[in-house]
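Asks:
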Amino acid sequence: MESLTRSATRLLSDPWPGGVGGTGVVPAGILGLGSYVPERVLTNRHLEEIVETSDEWIVTRTGIRQRRIAGPEESTADLALGAAQAALRDAALEPAEIDLVIVATVTGDQPFPAVSSVVQHRLGATRAAAFDLAAGCSGFIYALAVGAQFIQTGLYRHVLVIGAETLSRITNWQDRATCVLFGDGAGAAVLGRVGEEEGFLSFDLGSDGGGAEMLSVVPGGHGHPLTTGSDAEQINSIRMAGGEVFKFAVKAVEESTLRALGRAGLAVSDLDLMVPHQANNRILEAAAKRLGLDTGRVYSNVERYGNTSAASIPIALDEARAEGKVRPGDLLALVGFGAGLTWASCIVKWTGR
Ligand code: UT7
Numbered sequence: 059m060e061s062l063t064r065s066a067t068r069l070l071s072d073p074w075p076g077g078v079g080g081t082g083v084v085p086a087g088i089l090g091l092g093s094y095v096p097e098r099v100l101t102n103r104h105l106e107e108i109v110e111t112s113d114e115w116i117v118t119r120t121g122i123r124q125r126r127i128a129g130p131e132e133s134t135a136d137l138a139l140g141a142a143q144a145a146l147r148d149a150a151l152e153p154a155e156i157d158l159v160i161v162a163t164v165t166g167d168q169p170f171p172a173v174s175s176v177v178q179h180r181l182g183a184t185r186a187a188a189f190d191l192a193a194g195c196s197g198f199i200y201a202l203a204v205g206a207q208f209i210q211t212g213l214y215r216h217v218l219v220i221g222a223e224t225l226s227r228i229t230n231w232q233d234r235a236t237c238v239l240f241g242d243g244a245g246a247a248v249l250g251r252v253g254e255e256e257g258f259l260s261f262d263l264g265s266d267g268g269g270a271e272m273l274s275v276v277p278g279g280h281g282h283p284l285t286t287g288s289d290a291e292q293i294n295s296i297r298m299a300g301g302e303v304f305k306f307a308v309k310a311v312e313e314s315t316l317r318a319l320g321r322a323g324l325a326v327s328d329l330d331l332m333v334p335h336q337a338n339n340r341i342l343e344a345a346a347k348r349l350g351l352d353t354g355r356v357y358s359n360v361e362r363y364g365n366t367s368a369a370s371i372p373i374a375l376d377e378a379r380a381e382g383k384v385r386p387g388d389l390l391a392l393v394g395f396g397a398g399l400t401w402a403s404c405i406v407k408w409t410g411r
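The opening position of the sequence shown corresponds to residue 59 in the numbering used here, with each subsequent residue numbered one higher.
(1) Any heavy atom of the ligand UT7 inside 6 Å of the beta-carbon of residue 404?
(2) What is the DSSP secondary structure of residue 108, reduced to helix, strand or coil?
(3) Quick test of your reading: residue 221 and residue 190, contact by CB under 8 Å. State the CB separation rounded to the nearest angstrom.
(4) Is residue 123 close to the ligand UT7? I mean its beta-carbon at under 6 Å from any heavy atom of the ligand.
(5) Contact between the stretch 105-115 and the stretch 150-163 is defined here as three or more beta-carbon pairs at a separation below 8 Å; is this criterion met?
(6) Closer than 6 Å by C-beta to residue 205: which residues in its own chain qualify, once you throw out the five before and the five after it? Chain order, please.
(7) Could you give the first and the last residue of the continuous alpha helix (DSSP H) run that contains residue 408?
(8) Assign residue 130 to one of two classes, buried (16 or more other C-beta atoms within 10 Å of its C-beta) or exposed (fewer than that).
(9) Can you tell me which of the three DSSP states residue 231 falls into?
(10) Please go through the same chain and pick out, in chain order, the residues whose beta-carbon is closer than 7 Å to the beta-carbon of residue 343, but skip the five residues on each side of it.
(11) Under the criterion of a Cβ to heavy atom distance below 6 Å, does residue 338 qualify as lining the ligand UT7?
(12) Pull up the DSSP beta-bridge partners for residue 187, would you.
(13) CA-CA distance, residue 259 and residue 356?
(14) Name the one or two DSSP bridge partners that residue 272 has.
(15) With C-beta atoms as the reference, is residue 173 less than 7 Å away from residue 139?
(16) Check whether the Cβ of residue 243 lies closer than 6 Å to any heavy atom of the ligand UT7, and answer yes or no.
(17) Note down, one range per segment and in chain order, each alpha helix (DSSP H) of at least 4 residues found wholly within the stretch 82-154.
(18) By Cβ distance, which residues of its chain are closer than 6 Å to residue 273, with the 5 residues on each side in sequence left out?
(19) Select from 294, 308 and 386 the residue whose C-alpha is nearest the C-alpha of residue 339.
(20) Is residue 372 helix, strand or coil by DSSP?
(21) My guess is that residue 252 and residue 366 are in contact by the Cβ rule of under 8 Å, so how many angstroms apart are they, rounded?
(22) What span of residues does the alpha helix (DSSP H) with residue 173 cover, start to end?
(23) Just to confirm the assignment, what range does the alpha helix (DSSP H) spanning residue 311 have?
(24) Residue 271: buried (16+ other C-beta within 10 angstroms of its C-beta) or exposed?
(25) Could you tell me whether any Cβ in chain C is nearer than 7 Å to the Cβ of residue 327?
(26) Check whether the stretch 371-380 and the stretch 305-320 touch, using three or more Cβ-Cβ pairs below 8 Å as the test.
(27) Residue 91: which of 393, 146, 137 and 214 sits nearest, CA to CA?
(28) Is it the case that the Cβ atoms of residue 257 and residue 364 are separated by a distance below 7 Å?
(29) Can you tell which of 158, 403 and 371 has its C-alpha closest to the C-alpha of residue 184?
(30) Helix, strand or coil: how does DSSP classify residue 361 here?
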């Protein structure tokens with residue numbers, strides 16, 4: 059049997075998959091993007107038949123006109139896989155070239171195994187490690203920050219970061235204050251090495267658990283078993299103090315963006331585009347005003363998908379690029395906020411096509 063000393067020496071001398079000795083920082087960025095949403099469309103008109111609401115109220119208060127809803131057989135892993143495949147095609151990489159899969163989600167299909175392990179297997183990412191990450195609607199930016207570290211240290215060469223949600227499964231369809239807001243979908247980014255001073259320039263991550271009760275789903279954890287019976291849907295679903303979350307969100311977008319810009323030595327005037335979490339156009343307009351950023355430089359597609367939590371930023375980024383609003387050399391701010399409470403921002407110098 060191999061001695062412990064010899065085995066430890068062998069492990070230490072094994073080359074990391076990234077092939078870098080561990081000195082210096084490898085610049086990391088996004089090499090490919092993809093998104094995937096369910097086919098089923100739920101319009102505001104449909105919602106008028108379910109709860110006492112109106113298209114006019116929803117559009118005026120939020121900007122949302124429709125959202126996508128997963129079919130009965132469609133899982134978070136299915137959506138995540140669709141987005142991952144599109145991102146790999148975009149990056150022109152094979153699944154076996156991925157070293158790590160991170161899925162940001164608050165709607166995993168089961169307590170365990172992680173959605174990321176299911177995706178890793180179904181994708182054929184045979185060499186990849188996998189784990190999930192939960193940071194509410196800030197989850198995708200948190201996952202970008204975590205994934206970027208693996209590239210920057212040279213430990214890994216390619217990390218697949220996915221935001222995927224089936225929020226329709228934790229929505230109380232009798233509560234008009236919340237059920238009009240959410241939708242299902244997934245978006246993904248392949249991270250890898252980029253040129254010097256390109257890709258991720260800075261991150262800002264934060265949390266204030268003092269606001270945990272403002273936005274939560276409590277049952278389902280070991281401390282609070284799921285409720286069964288006729289009132290199960292109301293109890294096992296999203297609860298939100300909308301007004302409080304609104305105020306928090308406007309402040310979080312402004313302050314986190316400024317912190318991330320400051321760390322990169324940049325100012326609001328340097329930004330070509332902000333791609334924020336898509337929760338509500340009024341939040342984005344108010345935050346943009348406070349930042350002195352004209353709304354033409356704030357991307358929004360909330361009218362088509364509603365709030366898809368951790369999936370909203372990568373879906374928006376993918377669509378913004380498809381619309382020609384993200385070009386090589388552009389400076390972008392990706393900004394998330396949500397349950398936790400959490401917030402997260404990232405400044406990116408776009409390198410891809
Ligand atoms: O992903 C991050 C987390 N989520 C968010 O970012 C959401 C943050 N919050 C919001 O976007 C807004 O607070 C909402 C869109 C949720 C609500 O907008 P609001 O302007 O804050 O409305 P409100 O809660 O103050 O309600 C105003 C009125 C109330 O009626 P009364 O008490 O004035 O008679 C509500 O009962 O609107 C009523 N209302 C509705 N009416 C028609 C609430 N929901 C609806 C509805 N349709 N769907």
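By construction, the Cβ of each residue, glycine as well, lies at the ideal position given by its N, Cα and C atoms.
Replies: If we stick to the structure as given:
(1) Result no, Cβ not under 6 Å from the ligand UT7.
(2) Helix at residue 108.
(3) Not a contact, Cβ separation roughly 11 Å.
(4) In this structure, residue 123 has its CB at a distance of at least 6 Å from all heavy atoms of the ligand UT7.
(5) Of all C-beta pairs linking the stretch 105-115 to the stretch 150-163, fewer than three are shorter than 8 Å, placing the two stretches out of contact.
(6) Within the same chain, Cβ atoms closer than 6 Å to the Cβ of residue 205 are found at 160, 217, 219 and 249, the five residues on either side in sequence being excluded.
(7) Looking at the DSSP string, residue 408 is not in any alpha helix (DSSP H), and its letter there is neither H nor E.
(8) Per the 10 Å Cβ criterion, exposed.
(9) Secondary structure at residue 231: coil, using DSSP grouped into helix, strand and coil.
(10) Closer than 7 Å at the Cβ level, and outside the excluded window around residue 343, lie 353.
(11) Within the cutoff, so yes.
(12) In the DSSP output, where bridge partners are listed per residue, residue 187 has 158.
(13) Looking at the two C-alpha atoms, the distance is approximately 19 Å.
(14) None, per the DSSP bridge assignment.
(15) No, the pair does not count as a contact, with Cβ atoms beyond the cut-off.
(16) Result no, Cβ not under 6 Å from the ligand UT7.
(17) Within the stretch 82-154, the runs of alpha helix (DSSP H) that reach at least 4 residues and sit entirely inside it are, in chain order, 102-108, 113-120 and 134-149.
(18) Around residue 273: 298, 303 and 397.
(19) Of the candidates 294, 308 and 386, the residue whose Cα lies closest to the Cα of residue 339 is 308.
(20) DSSP places residue 372 in helix when its eight states are reduced to three.
(21) About 27 Å; that fails the 8 Å criterion.
(22) Start and end: 173-181.
(23) In the DSSP assignment, residue 311 falls within the alpha helix (DSSP H) that extends over 300-321.
(24) Classification for residue 271: exposed.
(25) Reference to chain C is not applicable here, since this structure consists of a single protein chain.
(26) Between the stretch 371-380 and the stretch 305-320 there are fewer than three inter-stretch CB-CB distances shorter than 8 Å, so the stretches are not counted as touching.
(27) For the residues 393, 146, 137 and 214, the minimum Cα distance to residue 91 belongs to 146.
(28) Between residue 257 and residue 364, the CB-CB gap reaches or exceeds 7 Å.
(29) Nearest option by C-alpha distance: 158.
(30) The answer is helix: DSSP assigns residue 361 an H, G or I state.
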